[in-house]
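Protein sequences, first through last, are from chains A and B. For what it's worth, numbering that gives the first Met the number 0 labels the leading residue of the first sequence as 0, then goes sequentially. For what it's worth, numbering that gives the first Met the number 0 labels the leading residue of the second sequence as 0, then goes sequentially. Heads up, the thing below is written out as structure tokens.
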Amino acid sequence: MLKKALLTLPIALAVTGAIAAQAPEDVLDRLVTKAGSPTYLTQSPQNRMMMPDNPAYLVADDGEKLFKEKRGPLNASLEQCDFGEGPGVLKGAYVELPRYFADTGKVMDLETRLVYCMKTLQGFKDDDPQIKKRHGNDSDMMKLQTYIAMQSNGMPWNPPLSHPLEKAMRDAGEVMFYRRAGKMDFACATCHGATGLRIRASVLPNMGVPEEWTKAISWPAFRVGQENVRSSQHRLLECLWQMRYPNLKPGSDASIALISFWTDAARGQPAIIPDMKR
Amino acid sequence: MSKITPIAAAVAAASMFLVTGQVIGQQAPPATAGATAPKAAPAASDAAAVKRPEPLKKRAPEKAPGQQTEVLIMDAQGIRMAPATLSAKLLAEYLILESAGFDLAQPTQEGTTGKDRLVQDDIQKLCSLGKGEQLDSKTAARVSELAMATIKYPEGGVKLGDWKKGRDLAWSGFGFRTAHNPDDHNKQPPGANCYNCHQLATDRTGGTIGPPLTAYGKLRGSSEEILKYTYGVIYNAHAYFPCTNMPRMGAKAVLTEEQIADVMAYLIDPASPVNTAAMSGMSGM
Chain A
0 MLKKALLTLP
10 IALAVTGAIA
20 AQAPEDVLDR
30 LVTKAGSPTY
40 LTQSPQNRMM
50 MPDNPAYLVA
60 DDGEKLFKEK
70 RGPLNASLEQ
80 CDFGEGPGVL
90 KGAYVELPRY
100 FADTGKVMDL
110 ETRLVYCMKT
120 LQGFKDDDPQ
130 IKKRHGNDSD
140 MMKLQTYIAM
150 QSNGMPWNPP
160 LSHPLEKAMR
170 DAGEVMFYRR
180 AGKMDFACAT
190 CHGATGLRIR
200 ASVLPNMGVP
210 EEWTKAISWP
220 AFRVGQENVR
230 SSQHRLLECL
240 WQMRYPNLKP
250 GSDASIALIS
260 FWTDAARGQP
270 AIIPDMKR
Chain B
0 MSKITPIAAA
10 VAAASMFLVT
20 GQVIGQQAPP
30 ATAGATAPKA
40 APAASDAAAV
50 KRPEPLKKRA
60 PEKAPGQQTE
70 VLIMDAQGIR
80 MAPATLSAKL
90 LAEYLILESA
100 GFDLAQPTQE
110 GTTGKDRLVQ
120 DDIQKLCSLG
130 KGEQLDSKTA
140 ARVSELAMAT
150 IKYPEGGVKL
160 GDWKKGRDLA
170 WSGFGFRTAH
180 NPDDHNKQPP
190 GANCYNCHQL
200 ATDRTGGTIG
210 PPLTAYGKLR
220 GSSEEILKYT
230 YGVIYNAHAY
240 FPCTNMPRMG
250 AKAVLTEEQI
260 ADVMAYLIDP
270 ASPVNTAAMS
280 GMSGM
């Protein structure tokens, strides 16, 4: 009996592996079938067609090399970096971020955690270009983030809320999502509270529908209009810019509270990484 | 701490709570609390000198054992551990206005600062409705009243401007953006952002966050009442639609009186494409 169970184990693992290993476009296609009103998910057939040739894969290839390469003043790779699942474990780590890390006493998202590892393991400083440059295909940040996040493609978002600080940050993020401010009185909810709304020709994702919201938060994604792979932090920055808010410090607790809330809002739905967006 | 704001006091009070809990020593705090508690002590004692520490001490033993581990600490490194006494709303205010997350000193095009953009006024506070929250009639009336009081009508009555200028304004989404890429108003004047949310004429695609306004003047005419109403809606739409998503274009000085007149001409002038467009060609409906 035990022997039989052991024999079937690899098959079960292989099946799970197969689901996780599906291409991002397959994840998207299944969501389109599942979602009741998939206007947001289907707004660009061109982008859907290009997904198998997503330039983000090239960026991720560079990221894999950087991840394994011994770099920095301490001449170390990032293979011992703990993204929450243990040192060096990347599979499924991203869909469980942001989370609380006991070694820093903080809730951290992918970017903040990556910066932490580059500083502690590799000895980079805040002003080093490896850390300072946060955006663009040619930045170490985006190469590494894309590679790391891709290891969670197809897996359901599942950010932990068991630590009180994780819960507190998520709840504060929810308040921020609905909080109106700025020259134009905008809150996140102004644009992301209903399905099928558009700003000009762009269909907006609804935070309240996890099946479409998962695509909205699936970063890194290649933004066709910008010809660059972009991060969650970059998405936040661009929204806040349009909202007429002041600049947001990358990795700030304010940014992580918002990302905690928006990730929780997609809970249970599969991540599409790398995605391709307009 | 030279000045204690309500948020800072509340946050410090939450830190105080941790220290109190530890002094009482009723239970072991979580792994990291011991390491971070000393850093919070100065803030806590500052707050104790200004804000009532006694009730907190008294309240602490009333807490069920096991809940005292929920505490919040702030220091130069940011937020550590979790709040027991701090509501999500207070923490959000702290994160926005006191945690150095946003560039509060960033200059704005109107000569204020990033902080001025983020501090909520009455209407923003009343209209920040959370999930499932409905606007009650009393609040709606209050918002409407507040908004109505802000509207300054032009001397000599509301008149239409130049619809062609209005068209350019309606199309432009430029202006007042700051963050990582501030709009330079010397290079380009700020626009009215109308097409972001509204369909107007049918030669361009508008958004759907606001209602379509195609044939606005054709349907409503240009009576004095309509002119006054339209001016009011652009100036401060909350007067007519409390807690609307529509920005307060006049009350928040996004548009000048003259620009509002131009946008109104685009909406109401019979020669404007908004009114000459065939209704059947309307999109975004």
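Yeah, the Cβ is synthetic: ideal placement off N, Cα and C, and Gly gets one too.
- Under DSSP, the beta-bridge partners assigned to A/Asp274 are A/Ala220.
- The three-state reading of DSSP puts A/Ala180 in strand, counting E and B together.
- With respect to the C-alpha of A/Val228, the residue from A/Asp60, A/Asp125, A/Ala167 having the closest C-alpha is A/Asp60.
- Comparing alpha carbon positions, the residue from A/Tyr244, A/Pro97, A/Asp127 closest to A/Glu110 is A/Pro97.
- Beta-bridge analysis with DSSP links B/Ile233 to no other residue.
- Counted as a single uninterrupted DSSP element, the beta strand (DSSP E) harbouring A/Val106 occupies residues 105 to 107.
- Excluding five sequence positions before and after A/Lys166, the CB atoms of its chain that fall closer than 8 Å to its own CB belong to Leu160, given in chain order.
- When CB distances to chain B are screened at a threshold of 7 Å, the residues of the stretch 230 to 251 of chain A falling below it are Leu236, Leu239, Trp240, Gln241, Arg243, Tyr244, Pro245, Asn246, Leu247, Lys248, Ser251, in chain order.
- In this structure, B/Glu223 is the residue among B/Glu223, B/Val273, B/Val253, B/Ile150 with its C-alpha nearest to the C-alpha of B/Lys158.
- Between B/Leu96 and B/Leu125, the C-beta spacing is not below 8 Å.
- Put simply, the CB of B/Asn195 is near chain A, with a gap under 8 Å to one of its CB atoms.
- For A/Ser201, DSSP records a beta bridge to A/Ile198.
- Exposed is the label assigned to A/Glu226, since fewer than 16 other Cβ atoms lie within 10 Å of its Cβ.
- When C-beta distances to chain B are compared with 9 Å, the residues of the stretch 176 to 191 of chain A below that value are Phe176, Tyr177, Arg178, Arg179, Ala180, Gly181, Lys182, Met183, Asp184, Phe185, Ala186, Ala188, Thr189, Cys190, in chain order.
- In the three-state DSSP reduction, B/Thr138 falls in the helix class (H, G or I).
- Under DSSP, A/Asp81 shares a beta bridge with A/Pro86.
- Between the alpha carbons of A/Trp212 and A/Arg133 lies a gap of roughly 24 Å.
- Rounded to whole angstroms, the separation of the alpha carbons of A/Pro72 and A/Asn157 is 35 Å.
- Look at A/Arg197: its C-beta is under 8 Å from a C-beta on chain B.
- For A/Tyr146, the enclosing alpha helix (DSSP H) begins and ends at 139 to 149.
- Annotation for A/Asn46: Val223, Met275, Lys276, Arg277 place their beta carbon closer than 8 Å to its own, counting only its chain and skipping 5 residues before and after.
- Of all alpha-carbon atoms in A/Leu247, A/Ile255, A/Ser251, A/Glu63, the one lying nearest the alpha-carbon of A/Glu173 is that of A/Ile255.
- The three-state secondary structure of B/Val118, taken from DSSP, is coil.
- At least 8 Å separates the CB of A/Ser161 from every CB of chain B.
- Taking C-alpha positions only, A/Lys142 is separated from A/Lys90 by approximately 17 Å.
- Asn180, Asn192, Tyr194, Asn195, Cys196, Thr204, Gly205: these are the residues of the stretch 180 to 205 of chain B whose beta carbon lies less than 8 Å from some beta carbon of chain A, given in chain order.
- Here B/Pro106 carries a strand assignment [DSSP, helix/strand/coil].
- Out of A/Met117, A/Met50, A/Pro86, A/Arg112, the CA that lies nearest to the CA of A/Leu65 is found in A/Met117.
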